[in-house]
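First up is the structure itself, then whatever we jot down about it.
In this note's numbering, the protein residues as written are 13 to 301.
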């Protein structure tokens, strides 16, 4: 996972309409298109035939160039949507090969309990994660917009994008579920940048785009969730924009408790939906705020 000339070093970070129906904003760099397309393909969401991967670096941009199979997210164009006929599970398209269980036919034990952590939303307003005031179940993803691995953060965004469409179209889920994309690169992913990403993706359900207010807030947040992240450095000692991390999505109940953790092999929106509906059966039917 490390780029050539880079070595890992901890830096205080602990160890439906689918893709075609959203509004396109601006041109689409091939690397961004590749990341969204690959993420969608891995999820059985309709996706295009992969465009040319990578992009040519400009002057002084060698550290940000995308090698084959990688794609940095561009908030200005992350909302581009595309379609292709291939289906997940087919020989030419990887994807889930199982059917999720019937909602309510199984239990989701409490994995861990979280405490609220201060973060900023995309409008620079202080808020909390988890937000126990909302009364909502949440699906939380830790990401960063400079992620160069198309099977990393772009896949997480593609998963939440698919869930956003499905949740918005379900009257039982829409008022009681929220999504959250949380950056672990607050120096780069300012509220302004997260707002651009939110506007590009144009969510239809409640989807929060969050970033810690300061680096000091990041470590406790990641440790509480158990989200690994390791910033890379170049052999020269300079900080790299690349953060190595394990792709995880967290399912939280309305009391801020982790009830499931999804990694690459379980990023099937159908499975997450079944878990959401299973948790809803535990809660009173009063609408969340």
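The C-beta atom is built at its ideal place from N, Cα and C for all residues, glycine as well.
Predicted, not measured: the structure shown is a model, and the values here were computed from it.
With residue i as the anchor, note down where its alpha helix (DSSP H) starts and where it stops.
i           : result
residue 207 : 203–213
residue 177 : 165–180
Opposite residue i in the DSSP bridges: which residues?
i           : result
residue 241 : 257
residue 150 : 190, 264
residue 195 : 155
Assign residue i to one of three DSSP states: helix, strand, or coil.
i           : result
residue 223 : strand
residue 287 : helix
residue 246 : strand
residue 218 : coil
residue 271 : strand
residue 232 : helix
residue 282 : helix
residue 185 : coil
residue 277 : helix
residue 126 : coil
residue 144 : coil
Nearest to residue i by CA position, among the options, is which residue?
i           : options            : result
residue 192 : 160, 271, 269, 223 : 223
residue 175 : 277, 126, 240, 263 : 263
residue 294 : 151, 271, 177      : 271
residue 155 : 194, 119, 289, 282 : 194
residue 168 : 121, 268, 257, 247 : 257
residue 6   : 164, 188, 127, 141 : There is no way to answer for residue 6, as the model of the chain reaches only from 13 to 301.
residue 279 : 153, 117, 233      : 153
residue 236 : 120, 133, 127      : 127
residue 288 : 161, 178, 239, 255 : 178
Which whole-angstrom value is the C-beta distance of residue i and residue j, which I expect to be below 8 Å?
i           : j           : result
residue 129 : residue 229 : 7 Å
residue 123 : residue 266 : In fact, because the Cβ distance is near 15 Å, the residues do not count as touching under 8 Å.
residue 146 : residue 190 : 7 Å
residue 282 : residue 112 : 5 Å
Counting along the chain, where does the beta strand (DSSP E) carrying residue i start and finish?
i           : result
residue 121 : First-last for residue 121: undefined, no H or E at that position.
residue 139 : 138–141
residue 131 : 129–132
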